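Just so you know, we're using our numbering here: the sequence shown kicks off at 1 and counts up by one.
Idealized CB from N, CA, C, for every residue including glycine.
Because the structure is a prediction, the values reported are computed rather than measured.
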Amino acid sequence: MSALTNESEEHLPVRTVAIVGGTHGNERSGAELVRLWTERPELVRRPGLEVSCFMGNPAAVEANRRYLERDLNRCFSPDVLAGKGDSLEERRARELNELIGPRGSDKAPDLCLDLHNTSSNMGLTVIFNYLDHFTRKLVAHLAANEPKARLYYQPVDNSTSEFLPSLGKHDLTIEAGPQHHGTLCADLHVRMEAMVHEMLDFCAAWNRPGFVEPPKRELEIFTDLKNIDYPRDENGRVSAMIHPGVDGMDYCELPAGAPLFLTFDGKIVWNPETESVWPLFVNEQAYYEKGVAMTLTKKSIVEW
């Protein structure tokens, strides 16, 4: 728990916010919201905040596909940003680095928010990679205003991250699901939109002189442990499905030794972990190609 709580209490302003949608072209909630806010910027305007909106991968959005040549949200490594790779998405990553960042520079936005959908039963999930005082207070505020929100801490060094939100000094991702890729779900769309507005309201209030921070509240934090793949045969083909007791059960406790997978001939593959874990991104459609059946996390209770 100390790794989640022993951070600086310094109150630093957040003046610039970059909002990105359509990083994956078939995750339509973020793409449609960014399209709306680009046409009507007054909707995201807040006193004392400079808010900019960007369509992450316009070509993939137009094609209603996750990506055309390479997953854009894996293209922000130092090598790619330095010029390695010539795919459409690698070139676009360098363009976005110049438009939004450059990463690590004084021009980088104070906060970069990336909007995503998932086919997994994740509800509304706030993903954060950076643990400072502002981030903890922001995610606590978002959870207070969206009681069903989940908080997922994925420790990543921004300077070496391959993820788009690392272009900001602080980063945040909102995942909304389950939503079939290439489609829209009105309930998730409206809730994501409301969460972004809550985030902007909080940032504007945070910057005001005399801002009184809300009292600490108890939160569940799910911290990344590792990704696990599906069982595969000697030819590398998937040989089992996620067990029906686990499929769709994102953020539910998975005890050691519990059923985890079910082979095509009906055999159970048991969870090999020695302690309980909490899976998420369970059976995400886009992760079959990445060799990820689910992400395992541990659950902590903190006061932020």
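- With a beta-carbon spacing of about 15 Å, V238 and V282 fall beyond the 8 Å limit used to define contacts.
- The beta carbon of F134 is closer than 8 Å to those of H11, L12, V14, H170, W206 in its chain, skipping five residues each way along the sequence.
- Straight-line measurement puts the Cα of P155 at about 26 Å from the Cα of V51.
- With respect to the 9 Å criterion, P178 and G248 are classified as neighbours on the basis of their beta carbons.
- In the DSSP secondary-structure assignment, N227 is bridged to T295.
- Spanning the alpha carbons of Y67 and V20 requires a straight line of approximately 15 Å.
- In the DSSP secondary-structure assignment, V238 is bridged to R232.
- Counting C-beta pairs closer than 8 Å gives fewer than three between the region 120-138 and the region 227-235, which falls short of the contact rule.
- Within the region 12-84, the runs of alpha helix (DSSP H) at least 4 residues long that lie entirely inside it are, in chain order, 28-39, 58-63, 78-81.
- If you look at N271, you'll find it isn't in any alpha helix (DSSP H); DSSP assigns it neither H nor E.
- Straight-line spacing of the CA atoms in E69 and E89 works out to 7 Å.
- Taking 9 Å as the cut-off, the Cβ atoms of A293 and F261 count as close.
- When the beta-carbon positions are compared, G168 and A18 come within less than 9 Å of each other.
- Beta-bridge annotation (DSSP): N117 is paired with A176.
- For V126, the enclosing beta strand (DSSP E) has its first and last residue at 123-128.
- When only Cα atoms are considered, W304 and L219 end up about 7 Å apart.
- Under DSSP, the beta-bridge partners assigned to H170 are L111.
- Going by DSSP, F202 is part of the alpha helix (DSSP H) stretching over 186-207.
- Distance from the CA of G56 to the CA of C252, rounded to the nearest whole angstrom, comes to 32 Å.
- Bounds of any beta strand (DSSP E) do not take in F134; it lies within the alpha helix (DSSP H) bounded by 133-145.
- Here F211 is exposed. Its C-beta has fewer than 16 other C-beta atoms within 10 Å.
- Exclusion of the five residues before and after S77 leaves E162 as the residues of its chain whose Cβ lies within less than 6 Å of its Cβ.
- Taking C-beta atoms under 8 Å as the contact rule, L33 and I221 fail to qualify, at a distance of about 26 Å.
- Within the same chain, Cβ atoms closer than 6 Å to the Cβ of Y152 are found at T125, I127, F222, the five residues on either side in sequence being excluded.
- Cα atoms of P259 and H243: separation of roughly 7 Å, rounded to the nearest angstrom.
- The residues A18, F54, P109, C112, L167, in chain order, have a CB closer than 7 Å to that of I100 in the same chain once the five nearest residues on each side in sequence are set aside.
- Within a 10 Å sphere around the beta-carbon of I301 sit fewer than 16 other beta-carbons, which makes this residue exposed.
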